[in-house]
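Data first, discussion second: the structure below is written as structure tokens.
Protein chains: 2
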Amino acid sequence: MSDLVIGLDIGGANLKAARTDGQARSLPFELWKNPERLGSALKKQLRCWKPTRLAITMTGELCDCFETKREGVSTILDGVQESFPSIPVRAWSILFRFMKPEEAVANSLEVASANWHALATWLAQSFGGVDEAAFMIDVGSTTADIIPIFSQIPCPLGLTDMDRLKNKELVYTGVRRTPICALLGAEVMAEFFANAHDAYLLLGKTKEDNKDIQTADGRPATKAFAHARLARMLGGDGELIPAKETKKLAKRIFEKQRDLLVEAIHSVAATLPVEPRIIFSSGSGEFLVHEACKHSSFRDVEIRSASELMGKDASTAACAYAVASLEEEEWQNSAS
Amino acid sequence: MSDLVIGLDIGGANLKAARTDGQARSLPFELWKNPERLGSALKKQLRCWKPTRLAITMTGELCDCFETKREGVSTILDGVQESFPSIPVRAWSILFRFMKPEEAVANSLEVASANWHALATWLAQSFGGVDEAAFMIDVGSTTADIIPIFSQIPCPLGLTDMDRLKNKELVYTGVRRTPICALLGAEVMAEFFANAHDAYLLLGKTKEDNKDIQTADGRPATKAFAHARLARMLGGDGELIPAKETKKLAKRIFEKQRDLLVEAIHSVAATLPVEPRIIFSSGSGEFLVHEACKHSSFRDVEIRSASELMGKDASTAACAYAVASLEEEEWQNSAS
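Chains as they are written, first to last, in this note's numbering: chain A, 1 to 336; chain B, 1 to 336.
In structure tokens:
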């Protein structure tokens with residue numbers, strides 16, 4: 001059968017695509033700078049893949065190149081449809097179902113930033129227990145989602161970013177894009193000179209990549225430049241600040257992000273009727289999930305990585321994989 | 001006498017120029033984006049003024065377009081000299097004296113970010129008392145300086161940004177450029193969607209300016225757009241978040257910046273041997289100085305605005321005016 005569902009997770013800084021067979025691709029793409037180039041970026045990303053259906057989820061609608069989320073959702077869906085005019089497109093909604101583009105645009109808040117919801121829905125299905133509880137903790141480049149699951153469905157208190165931020169189901173912290181000044185406040189310079197990625201480069205949690213220049217200063221993602229970027233946060237530069245100072249700073253950043261997660265985990269746990277039996281971890285910041293759980297009251301709960309459930313490749317684009325799988329399931333159910 | 005000393009305060013986002021007769025000019029200029037255009041920007045700024053000497057102070061050397069502060073100081077001084085090849089140039093240093101370009105480049109840390117030092121030195125001279133103490137509190141677009149003055153000279157504990165940041169003589173918070181996420185941390189989205197300027201637009205502390213698009217999203221500096229930008233910080237947008245919510249957020253930003261200043265004032269005051277008799281206020285955030293003093297243990301101390309001492313126009317470029325005046329004084333002393 002040549003049917004190929006592709007899931008797309010369209011973010012503000014990255015495009016992720018996954019097939020239901022587990023193949024996945026990520027492409028850095030600054031949607032907020034070039035919204036008009038989304039279509040061509042997607043074509044490039046899907047090169048050689050011949051989708052028969054596209055399942056969409058997004059967070060890119062919140063970019064401030066769009067005046068409103070409504071405008072963002074509509075522009076993104078237009079971009080997808082114009083680039084793949086003959087292929088059916090549907091977007092996942094927080095109503096636990098897909099919407100066709102026209103419905104999605106009319107109900108933009110229900111498809112806006114619903115990628116966590118698709119992933120949690122997919123993970124919850126794979127977790128057998130009725131009357132049993134679990135968590136999904138996804139830590140990505142920019143944000144962390146802490147989603148309670150009960151009796152095989154996600155049961156968050158909040159569904160929009162606004163509400164999720166308030167009750168800590170959304171913690172706006174991630175292992176790559178988070179500015180250091182957003183983590184440490186007045187302790188450091190309130191400039192965008194470095195981000196969390198620099199801390200994890202120095203701590204050896206993330207591999208150096210000489211070709212990666214998606215950094216605060218456009219210089220490579222290496223330890224030497226990460227040191228210089230972090231030194232700047234302290235009012236110095238790479239020459240003036242000794243390596244042990246920036247290492248100490250990196251450790252403080254790690255601990256601060258861990259503590260934000262621990263606080264959120266406890267806060268979200270309080271909404272569950274029973275203790276979680278499993279914690280699903282995912283995202284490029286999975287190491288932070290482990291660290292946070294270890295420092296929480298759930299240190300003995302089993303952590304199961306999304307990569308065990310969907311495969312390692314797919315887990316690099318977990319939300320895209322989830323939305324593709326949900327679409328395929330629904331299609332198969334409707335056909336049978 | 002046709003002698004005209006011009007003071008230049010070369011920042012990362014603004015160029016300020018002042019003459020000793022009190023005329024002043026400010027020019028938004030993103031040095032960090034266009035370091036190679038500094039010379040032509042300065043020529044534009046000084047058009048029709050015919051300086052005979054240039055007195056320089058800067059903070060622009062900390063921009064991350066420069067790998068080090070050393071490189072920054074040297075590039076900036078080169079830019080000035082190339083644009084005004086026949087005019088003597090000197091840069092103020094934290095050693096309480098001017099340095100010629102070659103000496104300044106060789107001692108770059110002593111001229112790096114010394115603009116506060118020039119202003120404090122100038123203000124301290126105008127404050128008569130031996131064995132008397134004062135404060136200078138300058139709140140600008142990006143940073144605040146809280147400088148103790150004793151017996152007519154500034155006597156800060158720290159001289160470099162690194163040390164000043166640690167002991168709170170430098171508080172990296174200002175009324176325009178400070179990102180909201182640096183002030184409120186995990187309470188808001190860790191994105192650069194809005195800055196302090198938006199809060200003060202909403203609170204009516206800063207005038208609307210339809211032509212000013214030096215904002216986070218490049219849309220005008222009006223209340224309506226400030227509302228939309230702040231709404232985004234809460235995970236919403238201008239349509240989803242009611243005006244009273246962003247107004248509340250703006251008030252929290254105001255209070256947070258005030259509290260940071262109060263804390264710094266108390267911390268710096270503890271280094272003075274006697275109680276301050278006067279607080280000198282300056283910068284575009286003078287309203288915040290008043291608010292902070294009112295909430296500190298110095299609520300009864302007289303606040304004297306730099307604009308009373310140097311004139312209103314000059315006070316919009318207070319550091320540039322100070323450095324011009326210091327240069328002229330030294331010149332006159334050496335001539336007499």
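Virtual Cβ for every residue (Gly too), placed ideally from N, Cα, C. All figures in this text were calculated on a predicted structure; none of them were measured in a lab.
Note on the stretch 209-289 of chain B: whole beta strand (DSSP E) runs with a minimum of 3 residues are 276-282, in chain order. With at least 16 other beta carbons inside 10 angstroms of its own, Pro156(A) counts as buried. Between Phe135(A) and Gln152(A) a beta carbon distance of about 14 Å is seen, past the 8 Å cut, so the two are scored as non-contacting.
Beta-bridge partners of Glu302(A) (DSSP): Ile278(A). Within a 10 Å sphere around the beta-carbon of Trp49(B) sit fewer than 16 other beta-carbons, which makes this residue exposed.
Distance between Phe287(A) and Gln257(A), taken at the CA atoms: about 11 Å. In this chain, the beta strand (DSSP E) harbouring Ile6(B) covers Val5 to Ile10.
Of the candidates Ser325(A), Trp331(A) and Gln332(A), Ser325(A) places its Cα closest to the Cα of Gln125(A). Arg252(B) and Ser83(A) have their alpha carbons spaced roughly 44 Å apart. When only Cα atoms are considered, Pro220(B) and Asn210(B) end up about 5 Å apart. In chain order, Leu62 and Asp64 make up the part of chain A whose C-beta sits under 8 Å from the C-beta of Arg232(B). Those residues of the stretch 27-54 of chain A placed with their C-beta closer than 9 Å to a C-beta in chain B do not exist. Using a Cβ distance threshold of 8 Å, Phe298(A) and Ile279(A) count as a contacting pair. The C-alpha of Val289(B) is placed about 45 Å away from the C-alpha of Val111(A). By alpha-carbon distance to Glu329(A), the top candidate from Arg70(A), Asp21(A) and Leu183(A) is Asp21(A). Leaving aside the five residues that flank Gly129(B) on each side, the residues in its chain whose CB is nearer than 8 Å to its CB run, in chain order, Ser151, Gln152 and Arg277. Secondary structure of Ser297(A) (DSSP, three-state): coil. For Thr57(B), the uninterrupted beta strand (DSSP E) run begins and ends at Arg53 to Met58, by DSSP.
Taken in chain order, the complete alpha helix (DSSP H) segments of 4 or more residues contained in the stretch 97-135 of chain A are 101-106, 108-111 and 115-125.
Residue burial annotation: Gly12(B) is buried, with at least 16 other C-beta atoms found within 10 angstroms of its C-beta.
Residue pairing from DSSP places Leu15(B) in a beta bridge opposite Ile10(B) and Leu27(B). In this structure, the alpha-carbon of Glu103(A) lies about 21 Å from that of Leu119(A). Only residues of its own chain outside the window of five on either side were considered, and among them Leu15, Ala17, Arg25 and Leu27 have a CB closer than 7 Å to the CB of Gln45(B), listed in chain order.
Three or more beta-carbon pairs drawn from the stretch 182-198 of chain A and the stretch 228-243 of chain A are found closer than 8 Å, and the two stretches are therefore classed as touching. Closer than 8 Å to the CB of Gly285(A) there is not a single CB belonging to chain B. In the three-state DSSP reduction, Ala144(B) falls in the strand class (E or B). Put simply, the CB of Cys319(B) is far from chain A, with every gap to its CB atoms at 8 Å or more. Closer than 8 Å to the CB of Ala134(A) there is not a single CB belonging to chain B. The alpha helix (DSSP H) runs lying completely inside the stretch 154-187 of chain A and spanning 4 residues or more are 161-166 and 180-184, given in chain order. Contact annotation for Pro179(B) against chain A: Pro179, Cys181, Ala182, Ala190 and Phe192 [CB-CB distance below 8 Å, chain order]. For Lys244(A), the closest of Ala199(A), Thr215(A), Asn115(A) and Ile137(A) by C-alpha to C-alpha distance is Ala199(A). In this chain, Ser86(A) is not harboured by any beta strand (DSSP E), its DSSP state being neither H nor E. The beta carbon of Phe29(B) lies closer than 6 Å to those of Leu15 and Ala41 in the same chain, with the five residues before and after it left out.
Interface criterion not met: the Cβ of Met58(B) is under 8 Å from no Cβ in chain A. Per the Cβ contact rule, the stretch 33-40 of chain A is in contact with the stretch 63-81 of chain A (3 or more Cβ pairs under 8 Å). Distances from the CA of Thr206(A) to each of Phe254(A), Asn34(A), Ile241(A) and Pro85(A) were compared; the closest alpha carbon is that of Phe254(A).
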